[in-house]
Amino acid sequence: MFRSMLKSKIHRATVTEADLNYVGSITIDPQLLEAVDILPNEKVLVVNNNNGERFETYAILGEPGSGQICVNGAAARLVQPGDLVIIMAFALVSEAELADFEPKVAFMNRDNTIAELVHVEDPQTTFV
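Going by full-length UniProt numbering, the residue at position 60 of the sequence shown is 60; the numbering climbs one at a time, nothing skipped.
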């Protein structure tokens, strides 16, 4: 049996741009992608903390070191620059791999720098 497990998460990133006329996807600073092990073209789930919208798309490389989080295409209607989003990727993990499996989670500062990188989230963690 395989289980769908959280593999990667960028928690509370700030949307820097929304480009309705781009073909599609979400453009992310490659340093952030590398930190949480998301590859270009990998499917991601995006949750907008400001309005509750959820959508799936795929990650593409932005400018290194820019902190860029740009939602492109039709999904650009679901965000505004300044909104806080959670970007997640999942993996199918076998029962045998579960004991050693750890997600990579980046808690973000408002400027899209990483405040903390963890492998286990405290279930009582809250942000204001």
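The beta-carbon is built from N, C-alpha and C at its ideal position, and this holds for glycine as well.
Comparing alpha-carbon positions, which option in the options lies nearest residue i?
| i | options | result |
| --- | --- | --- |
| G67 | I10, D37 and S94 | I10 |
| residue 180 | V105, T113 and A96 | Outside the shown range of the chain, which is 1 to 128, sits residue 180, and nothing can be said about it. |
| F2 | D37, V93 and E102 | V93 |
| L39 | F55, G62, G52 and Y22 | G62 |
| V120 | V71, D100, D111 and R54 | D100 |
| D37 | T113, A115, E102 and R110 | E102 |
| Q31 | I69, F55 and G52 | I69 |
| A115 | I28, A35 and Y22 | A35 |
| Y22 | T113, V71 and A96 | V71 |
Considering only their Cβ atoms, is the gap separating residue j from residue i smaller than 8 Å?
| i | j | result |
| --- | --- | --- |
| T57 | G24 | yes |
| M108 | L6 | no |
| V85 | N49 | yes |
| I26 | V47 | no |
| A59 | L33 | yes |
Which stretch, first to last residue, makes up the alpha helix (DSSP H) that contains residue i?
| i | result |
| --- | --- |
| K35 | The sequence given here places Ala at residue 35; Lys does not occur at that position. Here the alpha helix (DSSP H) through A35 covers P30 to V36. |
Please classify residue i as buried or exposed, where buried requires at least 16 neighbouring CB atoms within 10 angstroms.
| i | result |
| --- | --- |
| L117 | exposed |
| S8 | buried |
| G65 | exposed |
| D111 | exposed |
On the DSSP letters alone, give me the boundaries of the beta strand (DSSP E) that residue i sits inside.
| i | result |
| --- | --- |
| N72 | I69 to N72 |
| H119 | Unbroken run through H119: none, as it is neither H nor E. |
| N48 | K43 to N48 |
| A89 | L84 to S94 |
| V105 | K104 to M108 |
| L61 | R54 to L61 |
| residue 149 | This structure gives no information on residue 149, because the portion of the chain shown stretches from 1 to 128. |
| A13 | F2 to T14 |
Hey, is the stretch 64-78 in contact with the stretch 16-36, meaning 3+ C-beta pairs nearer than 8 Å? By the criterion of at least three beta-carbon pairs nearer than 8 Å, the stretch 64-78 is in contact with the stretch 16-36.
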